[in-house]
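Beneath this line is the structure, given in C-alpha cells, with notes to follow.
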Amino acid sequence: ESLSVFITTDSDSVLTGKFYERVTAGAEVNVAVALARLGLKSKYFSRFGQDQLGEVMIKDIAAEGVDISTVKRVPFFTGAMVRNPGKDAPVETTYLRKGSAASTIEASDISDEFITNARWVHTTGITCAISESGAAAVAHALARAKALGVKSSFDLNLRRKLWSDEQAAKVLKPLAKDVEFLIGGESEYEVVFGSKDAKSVLKDANDRGCKIAVMTNGDQPLRYSINGEFGQIVPPKVVAVDPVGSGDAFTGGTIAGLLSGMDELTALRQGSRSGARVASMFGDWTGLPTGSGGVINEDN
C-alpha cells in the first residue's frame with residue numbers, strides 16, 4: 422500500500438505541529454522506485470482511491486520512472502500516515518488506512534501475465550496486515566511466481582499498529598518460504614519464527630526454501646545466510662538523519678544487484694550501501710542512489 426505521508430515541518434511532534442509536508446511512500450513502492458533509480462524497469466501495482474490523494478500519488482510514482490499502467494482506482498479513500506520527522510524525538514506514526522482503497526486488493530488482481538512479464542516479484546507483510554484479501558493477494562502472488570519460475574522476495578515488515586504478534590506469525594510464517602530473498606528485522610524474526618538467534622533462524626529460513634535470508638538491525642551488522650553459509654556485513658558509517666525507508670532501499674539495492682548479475686554477497690553489500698545512503702538524508706526517496714543496469718554509480 423502506498424500512503425500519502427504528512428510530516429510536520431515546524432515541530433518534531435504532531436501534537437504541536439501546524440504545518441506539514443506531503444510525500445508519497447510505502448514499503449513496496451519504495452522498492453520499485455529504488456529499482457527505477459538504478460536503471461531497471463519496474464512496475465508497481467496497488468489500488469488507489471478515486472480521490473485527489475490517489476491522483477497525486479500516482480503522478481509522484483510515475484515521475485520516478487515506475488510503470489503504473491496497471492494500478493486500479495476504486496471508490497474508497499487513499500490511505501495516509503501522519504508523523505513527525507524524528508529529528509529531536511523518536512518517530513511516532515498515526516495511520517489513516519483502515520478500509521482504504523489498497524486494503525480492497527484481491528488475489529484476482531494479480532494475473533499470471535503480470536508475473537511472467539517480470540524477472541522478479543516483491544511484496545511484504547504489510548499488505549497481509551491491512552486485510553484478509555490483501556494477505557490472499559500476497560499468498561497468490563508468491564505462489565504463482567514460484568509456479569511460473571519467476572524469482573521473488575518477501576519482507577516480513579511487521580507493523581504492530583496493524584495487527585497482533587499472534588496474528589502476524591500465523592499469517593506470515595507460511596508465506597516465508599520458497600523465495601529467493603527473505604528480509605526481516607531481529608524482532609520480526611522473533612515474532613514469526615520464535616527466535617532471534619540469527620544463525621539458527623536464518624538457516625531455518627534457508628531450509629524452508631529461502632535461498633538468501635537476511636536479518637537487519639538498524640545500523641548494526643547485518644546477518645545473512647546464503648544457502649546455509651552464515652556471515653555478516655558491517656554497513657557503511659553514516660550520520661543517521663531519517664532511518665525511515667532505509668530498509669526498503671537496502672532491499673531494492675540488493676534486488677537490483679542480483680538482477681544485474683552480481684553474486685549474492687556483492688548484491689547484499691550494494692543493498693547495505695543503498696540503505697545507509699537513504700538513512701543519511703530526510704525522506705524515503707531522497708537519498709536513493711542512481712545507477713544503470715542495476716548497479717550504483719560510483720559518484721553516489
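Just remember that the working numbering sits 421 ahead of the position in the sequence shown, which is counted from 1.
Virtual Cβ for every residue (Gly too), placed ideally from N, Cα, C.
Residue interval of the alpha helix (DSSP H) (run including residue i)
i	result
R698	E685 to A700
K591	D586 to L596
I479	Q473 to A484
S681	S667 to S681
A446	Segment Y441 to A446 is the beta strand (DSSP E) holding A446; no alpha helix (DSSP H) there.
L569	E553 to L569
V622	A619 to D628
Sub-8 Å separation of residue i and residue j beta-carbons
i	j	result
T711	N721	yes
G673	L517	no
Q691	I654	no
A677	L461	yes
G546	L569	no
A590	A550	no
S554	E527	yes
R379	T525	Outside the shown range of the chain, which is 422 to 721, sits residue 379, and nothing can be said about it.
D509	F466	no
L623	S646	yes
G652	G696	no
G475	T491	no
S574	V592	no
K519	V487	no
V515	V450	It is worth fixing the name first, because residue 515 is Thr in this sequence and not Val. Taking 8 Å as the Cβ cut-off, T515 and V450 do not qualify as a contacting pair.
T675	L689	yes
N638	G682	no
Anticipated Cβ contact below 8 Å, residue i with residue j, distance rounded
i	j	result
T548	A564	With a Cβ gap of about 14 Å, T548 and A564 do not count as contacting.
A661	S701	7 Å
V571	I604	V571 to I604, Cβ: 18 Å. No contact.
V612	D586	5 Å
E485	V454	5 Å
D705	V665	6 Å
N538	T429	About 41 Å; that fails the 8 Å criterion.
A501	L424	6 Å
L680	R458	No, L680 and R458 are not in contact; Cβ-Cβ is about 14 Å, not under 8 Å.
For residue i, three-class secondary structure by DSSP
i	result
A537	Correcting the residue identity first, residue 537 is Thr in this sequence and not Ala. Reduced to three states, the DSSP call for T537 is helix.
L424	strand
G606	strand
N497	The displayed chain sequence assigns Phe, not Asn, to residue 497. Looking at F497 - three-state DSSP - the assignment turns out to be coil, as it is neither helix nor strand.
I547	helix
V612	helix
E449	helix
R581	coil
T429	strand
S463	coil
V487	coil
S532	coil
S524	helix
V492	coil
V435	coil
V454	helix
Opening and closing residue of the beta strand (DSSP E) in which residue i lies
i	result
S573	K572 to D576
S646	L643 to I647
L517	T514 to L517
V660	Unbroken run through V660: none, as it is neither H nor E.
F703	That residue, F703, is in no beta strand (DSSP E); it is neither H nor E in DSSP.
V635	I633 to T637
G470	R468 to G470
Any non-hydrogen atom of the ligand MG closer than 7 Å to residue i Cβ
i	result
V662	The ligand MG is absent from the structure shown, which contains no ligands of any kind.
is_contact[residue i, chain B] using C-beta, thresh 8 Å
i	result
W584	In summary, chain B is missing from the structure at hand, where a single protein chain is found.
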